[in-house]
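Chains as they are written, first to last, in UniProt numbering: chain D, 1 to 295; chain B, 1 to 316; chain R, 1 to 335; chain X, 1 to 267; chain F, 1 to 194.
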């Protein structure tokens, strides 16, 4: 299988010495993201995120299933991350590689285990029927920083998604089609974002949103998942040379700033999308107002 | 449940299904089958080689079911139907290390419909166990050093397995030993030996499987080839036996044989001797057929038929 | 000719060797001969005659063993029970009755090739793309032909009258459970055209299938079945889908002129021929369940790879398939 | 009306397109020729791998079937002998599906032409040589026995039979997938109409058929798209050549193929 | 050949003291036993040989020889080439390929084993192309993967080849084949036609 081609020594040296002179190859500031673009699909729960050339798409779907026997009052929420060769020929079909495992673990910790989605609200009849919300993360173009991009797309898609409405009569459940009844938003408890800080020279140089080339040259990374209130969901550092404990604090502070930025992007785009969906409708106005109050 | 779906197969409906439960009705009372053969008599075996032409060697083994007409939908017992294919000697897989001997691998799998309870497609531990037992039975038989750096796969599919006992007892919470497995193993050994001979792989002898049991009905007296649904088995033994050398290559004993264990082994060997006659006959017959075919083919090629034998001639 | 080794190795090969070393020229030589015969001795449009045995598996509700040349397939049908209350997402009311079997997943066919049926299919591996495609195509035929009547799979219960019911209202009948048919197809020997043989085994096994009488027992709150043979009923297939596959052997190449290419249609290709043919066509005809009954319609035409099979060739193959279908039905009817 | 095609939306894949029609949106990417695993290696030609990935959920046996069908259809028009012992890897991600639930085989058949067209356009974008231009189209026969080209999802849901076919510029039939309740004559009718539609999409090559039957001919969307693509490729060529790191195994013939990226029949 | 005497594996054929061990047999204790099933062949000791007097007992293989051995002539197809060696799949055993192998055996012809003379000047690319049918002889069991073959004899080398344009070619000299329809010549290590 073709592996991701390693940069040549010259290339690596070039990147590193530029960084030592406070220059990134694409001219960005160290903490600057590439252009972040978020677009929603025609249907609910499809979010397409681009950060520079990196592109990730997330699709949410819902299905009525039987809950797990040991979690009768909870719905089911699963995140599937399968990398395919469309993003890079280094990703093989049907075989998990390191990148895929790390990404899926990270999203699991950041979104699922932090309780971002309220799974209890997905229960229809305890022990019998519940919603299974499924998020499929499709990485389409891989130019570094897929963790931040995937997490952003996932959060945006979850917030955009509407599940079908249901009605319960005793044991009978009626599931309404999207056209029969207005579908319902998922209950999100908070919106965490992954912010990856790549470091070079033992932490002397810290970068946000590294490109693939920068990732290949970096010594290590610290990934912090944090919501806009500054609550940290997880911090990971997968090996790499040790860095000063205090710099984790710096990372966290910087991550908070970025999380707030991404949060704003999501909110703005959601609002835009909602306006587009029912133009001029009074209902739409009211709903948007309510949301602002909640937020 | 939905999570466990196998993405390479069609899956059961998401709600999950259960096998039918039969009502006990007086007009369909099942009676436990009774052994009508003599204790030292083997059931009739059907064995034929060469059933899968694309394999190097193959054989089909069947213990014909008793011919009682079915009055109920619930089968009273089932018998054995086993197919075996041998692939090899052939080159080892790319990643294998050099081996100066033939690498023999065995594989036993029950068909989903082989037993009263529907089986899965993925091998379970009992199937892996059978594979290991079979490998032990065969390893010493094949003359491996004649086949350097090559491998040979023995693949067995059990289309219908022997039952572990009178099923109605098991249903009522009675004992459920896995006695059927022993008959299956004996069948596997015999059918594999036939298929290996069919493939033309050198062996020191034909190896045949035999089963014997000590039952509660006949105090102390053993029976050959016990059909588990007919007996109340206390202990059983299966052997892989080389008759011309009087050697046992594999032995598996279960249950409490007490002081009768030696007699039990002797009986299993006796059963294996009975099976061997069928095995030897089948192999011999197949070989005669093959010789017939080659001489036929020789005749055919000399009478160079139309278009069938096209020689290409080099010019220049 | 095989014995001229004494004069030194010449360039005359025994047939098998010729076939192995240069399979394409070997097949080509046969087809180009003035009285063309395929290397397997068959005519171009000749199918292998199947032999069909049914009902030999003890633990199946229906079973069949089909041998077509050196391809052998065994199929077992087993019924299990799906309780209506276990269905997480009951079908909506506007679902067409005939689509119920598919919607609920009541028919579960799986084809297994990893049985050592050929040197290329060794066990211990998950199903190959080929095996998965075959399972899919079989399930598609069973669903699209609507050959299984959903009513045959329903286990209904007439609810006793309660005081709330209006006195004149007929008793309410509800479906408490459904039979689910697990169709397990094992390929025991493979020499080409697994699809036709497998589908034949499936239809033969389904025709052989009997399901016990089953009822809802309100006291136990479960389904019970009658073990009495005379209570059981057989599955009535409403239609009989029969597949006929063809392969195209062609000398076409991107290095040669289009006009120079020659192509041959081979009915029911064996394993050797399949290896050499890129283009395949399968025609599935659907007709009444018994010999001569009902009108025949086309259920599926599937073609891929190559460019030889256009409209005219398809027409020709449909005609051959139609003849093949009546042959198969006769073979099945005689059982 | 042809589908909307967006060229080269992805940066990593050698060729890519987004293709959307009323029913589906598919994003396709091709990598190749690239290094092949030993077990898939073919001594005299390139191996072709097709991956179809559903919008939600992991692929199952129906995706494997579609991949097999497409792989075999594409292989017959790709010049695989130019790249022996390499791999051409086509991945197609479905991003939008019909909004109403279709029966499995209707869903799959309706998807087939979208996938085929997406694959063809992304192969052209990736500069992989093809023997001929070809395109696929979808038709159904309605319950009142009318043939409907490019049907809407509601028409698909209630159809009597469904047909996905692909034809090359010279009218060779590359792919046929028909299913439903149909007879001989109807099938012939559908095949003719789809053939015309496909040839019309490829453009003026088949002038004689273009005016027949007084049927309104769809615009040659594929031809227009390919011409645009070729023009922009010539413009962008200097840029491509100046682009950074070269791939590990891009054989010289592969590099040449960039230049001859128009299939011969389209010129 | 009416009713040949068929032996089964394990069957005792005679005492090892009075018989020579042939193929398809093995020794057990002092007995010569069959190891495959097939007709028993007895070859009379030739009178000229003084050392072995005993007749040689062997069992004829109904399946034919199963594996390539050192010295076996084989027929195979070239699967890939590089400047040092050509990879080949062994497809049939015997000078005319009497025994067809079910599974191809991987093998290598090293550059130095292509030709008997001027070994250092041989170029693999001018001797073999992918797809050529080659007759060669096994010279060693090789490494864990491939057998090693040689074509360093006149009657060994390429026996059938297809030109770049997909046409069957004919040999025109000891080192060239010709495409008769285009007239193009291609270099090969040609097996001497007999």
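By construction, the Cβ of each residue, glycine as well, lies at the ideal position given by its N, Cα and C atoms.
Taking the beta carbon of residue 255 of chain R as the centre, do at least 16 other beta carbons fall within 10 Å, making it buried, or is it exposed? As a position in the third chain, residue 255 of chain R is number 255, starting the count at 1. Answer is exposed; the Cβ neighbour count stays below 16.
Could you give the first and the last residue of the continuous beta strand (DSSP E) run that contains residue 309 of chain R? As a working mapping, residue 309 of chain R is identified with position 309 in the third chain. Neither: residue 309 of chain R is in no beta strand (DSSP E) and is coded neither H nor E.
Quick check: is the beta carbon of residue 71 of chain X nearer than 8 angstroms to any beta carbon in chain D? By 1-based counting over the fourth chain, the position of residue 71 of chain X is 71. With 8 angstroms as the cut-off, residue 71 of chain X does not count as an interface residue toward chain D.
Please name the residue in X:104, X:39, X:117 whose C-alpha comes closest to that of residue 26 of chain X. Working through the fourth chain from its first residue, we reach residue 26 of chain X at position 26. The residue with the shortest Cα to Cα distance from residue 26 of chain X is X:117.
How is the alpha helix (DSSP H) around residue 203 of chain B delimited, first residue to last? Stepping through the second chain from its first residue, residue 203 of chain B is reached at position 203. Careful: residue 203 of chain B lies outside any alpha helix (DSSP H) and carries neither H nor E.
Identify the contact partners of residue 140 of chain D in chain X, using a Cβ-Cβ distance below 7 angstroms as the criterion. Position 140 of the first chain, counted from the first residue, corresponds to residue 140 of chain D. Residues of chain X passing the Cβ test: 10, 27, 93.
Among D:176, D:166, D:165, D:154, the one whose alpha carbon lies nearest that of residue 46 of chain D: The residue given as residue 46 of chain D occupies position 46 in the first chain. Residue D:154 is the option with its Cα nearest to residue 46 of chain D.
Taking Cβ-Cβ distances shorter than 8 angstroms, what residues in chain B pair up with residue 26 of chain F? Within the fifth chain, residue 26 of chain F is the residue found at index 26, counting from 1. 143, 202, 204, listed in chain order.
What does DSSP give as the partner residues of residue 71 of chain F in its beta bridges? Within the fifth chain, the letter at position 71 stands for residue 71 of chain F. Paired residue(s): none; residue 71 of chain F is not in a bridge.
Assuming residue 23 of chain R contacts residue 276 of chain R under a Cβ cut-off of 8 angstroms, what Cβ separation, rounded to an integer in Å, is found between them? In the third chain, the residue the question calls residue 23 of chain R occupies position 23. In the third chain, the residue the question calls residue 276 of chain R occupies position 276. Confirmed, about 6 angstroms.
For the UniProt domain "Exosome complex component N-terminal" (6–40) of chain F, list every residue whose C-beta sits within 8 angstroms of some C-beta in chain B, in sequence order. 6, 8, 9, 10, 11, 12, 24, 26, 28, 33, 35, 36, 37, 38, 39
Using a Cβ-Cβ distance cut-off of 8 angstroms, determine whether residue 39 of chain X contacts chain F. Taking the first residue of the fourth chain as position 1, residue 39 of chain X is located at position 39. No, because no Cβ of chain F sits closer than 8 angstroms to the Cβ of residue 39 of chain X.
Residue 143 of chain B versus B:178, B:201, B:134, B:117, residue with shortest Cα-Cα distance: Here the question's residue 143 of chain B lines up with position 143 in the second chain. Comparing Cα positions, the closest option is B:201.
Rounded to a whole number of angstroms, what is the C-alpha to C-alpha distance between residue 56 of chain R and residue 135 of chain F? Taking the first residue of the third chain as 1, we reach residue 56 of chain R at position 56. Taking the first residue of the fifth chain as 1, we reach residue 135 of chain F at position 135. Cα to Cα, the separation comes out at about 50 angstroms.
Check for me: the beta strand (DSSP E) holding residue 229 of chain R runs from which residue to which? As a first step, residue 229 of chain R is located in the third chain; it is residue number 229 there, counting from the start. Residue 229 of chain R -> no beta strand (DSSP E), and no H or E assigned at all.
Which runs of the beta strand (DSSP E), 3 residues or longer, sit entirely within the segment 106–170 of chain X? 134–141, 147–149, 161–168
Supposed contact pair residue 88 of chain F and residue 79 of chain F - C-beta distance, whole angstroms, cut 8 angstroms: Your numbering for residue 79 of chain F matches position 79 in the fifth chain. Your numbering for residue 88 of chain F matches position 88 in the fifth chain. At roughly 6 angstroms, the Cβ-Cβ gap stays under 8 angstroms, so residue 79 of chain F and residue 88 of chain F are in contact.
Close-in-space but distant-in-sequence residues of the same chain around residue 229 of chain B (CB under 8 angstroms, 5 per side omitted): Position 229 of the second chain holds residue 229 of chain B. Correct list, in chain order: 32, 33, 76, 77, 163, 165, 166, 167.
Beta-carbon separation of residue 40 of chain F and residue 59 of chain F under 8 angstroms? Residue 40 of chain F sits at position 40 when you count from the first residue of the fifth chain. Residue 59 of chain F sits at position 59 when you count from the first residue of the fifth chain. Yes, these two residues count as a Cβ contact at 8 angstroms.
Cross-chain neighbours of residue 152 of chain X in chain D, by beta carbon under 8 angstroms: Within the fourth chain, residue 152 of chain X is the residue found at index 152, counting from 1. Ordered by position in chain D, no residue passes the 8 angstroms Cβ test against residue 152 of chain X, which lies about 15 angstroms from the chain.
Figure out for me which residue from F:16, F:66, F:160, F:36 has the closest Cα to the Cα of residue 141 of chain B. Taking the first residue of the second chain as 1, we reach residue 141 of chain B at position 141. Nearest option by C-alpha distance: F:36.
Expressed to the nearest angstrom, what Euclidean distance is found between the alpha-carbon atoms of residue 11 of chain B and residue 184 of chain D? If you number the second chain from 1, residue 11 of chain B lands on position 11. If you number the first chain from 1, residue 184 of chain D lands on position 184. The straight-line gap from Cα to Cα measures roughly 30 angstroms.
Is the Cβ-Cβ distance between residue 137 of chain X and residue 102 of chain X less than 8 angstroms? Here the question's residue 137 of chain X lines up with position 137 in the fourth chain. Here the question's residue 102 of chain X lines up with position 102 in the fourth chain. Taking 8 angstroms as the Cβ cut-off, residue 137 of chain X and residue 102 of chain X do not qualify as a contacting pair.
By the three-class DSSP mapping on this structure, what secondary structure does residue 286 of chain R have? For the purposes of this step, residue 286 of chain R is taken as residue 286 along the third chain, with counting starting at 1. Here residue 286 of chain R sits in strand by DSSP.
Residue 292 of chain B CB to nearest chain R CB: under 8 angstroms? Position 292 of the second chain, counted from the first residue, corresponds to residue 292 of chain B. No, because no Cβ of chain R sits closer than 8 angstroms to the Cβ of residue 292 of chain B.
Have a look at residue 242 of chain D and residue 75 of chain D and give me their C-alpha separation to the nearest angstrom. The residue given as residue 242 of chain D occupies position 242 in the first chain. The residue given as residue 75 of chain D occupies position 75 in the first chain. Cα to Cα, the separation comes out at about 40 angstroms.
Taking 8 angstroms as the CB-CB cut-off, is residue 91 of chain R touching chain D? One-based indexing of the third chain puts residue 91 of chain R at position 91. No, residue 91 of chain R lies away from the interface with chain D (no Cβ there is under 8 angstroms from its Cβ).
Coarse secondary structure for residue 330 of chain B, derived from DSSP in three states: Beyond the ends of chain B as shown, which are 1 and 316, falls residue 330 of chain B; an answer cannot be given.
With 8 angstroms set as the bound, which would you pick, yes or no: does the beta-carbon of residue 21 of chain X sit closer than that to a beta-carbon of chain D? Along the fourth chain, one-based indexing puts residue 21 of chain X at 21. No, no contact with chain D.
Is the Cβ of residue 88 of chain R closer than 8 angstroms to any Cβ of chain A? Reference to chain A is not applicable here, since the protein chains of this structure are D, B, R, X and F.
Distance cutoff 8 angstroms, beta carbons only. Does residue 98 of chain F sit that close to anything in chain B? By one-based count along the fifth chain, residue 98 of chain F stands at place 98. Cβ-Cβ to chain B under 8 angstroms: no for residue 98 of chain F.
If you draw a straight line from the C-alpha of residue 80 of chain R to the C-alpha of residue 211 of chain R, how long is it? Within the third chain, numbered from 1, the residue matching residue 80 of chain R stands at position 80. Within the third chain, numbered from 1, the residue matching residue 211 of chain R stands at position 211. About 10 angstroms.
Counting contacts by CB-CB distance shorter than 8 angstroms, is residue 153 of chain F in contact with chain R? Within the fifth chain, residue 153 of chain F is the residue found at index 153, counting from 1. False, the Cβ-Cβ gap to chain R never drops below 8 angstroms.
Please identify, using Cβ separations under 8 angstroms, the residues of the segment 84–95 of chain D that lie next to chain X, in order along the chain. 84, 85, 86, 87, 88, 89, 93
The ligand NAP heavy atom lying under 7 angstroms from the CB of residue 264 of chain R: The model depicted lacks the ligand NAP and carries no ligand whatsoever.
Give the secondary structure of residue 319 of chain R by DSSP, where H, G and I count as helix, E and B as strand, and everything else as coil. Against the third chain, residue 319 of chain R aligns to sequence position 319. Three-state result, residue 319 of chain R: helix.
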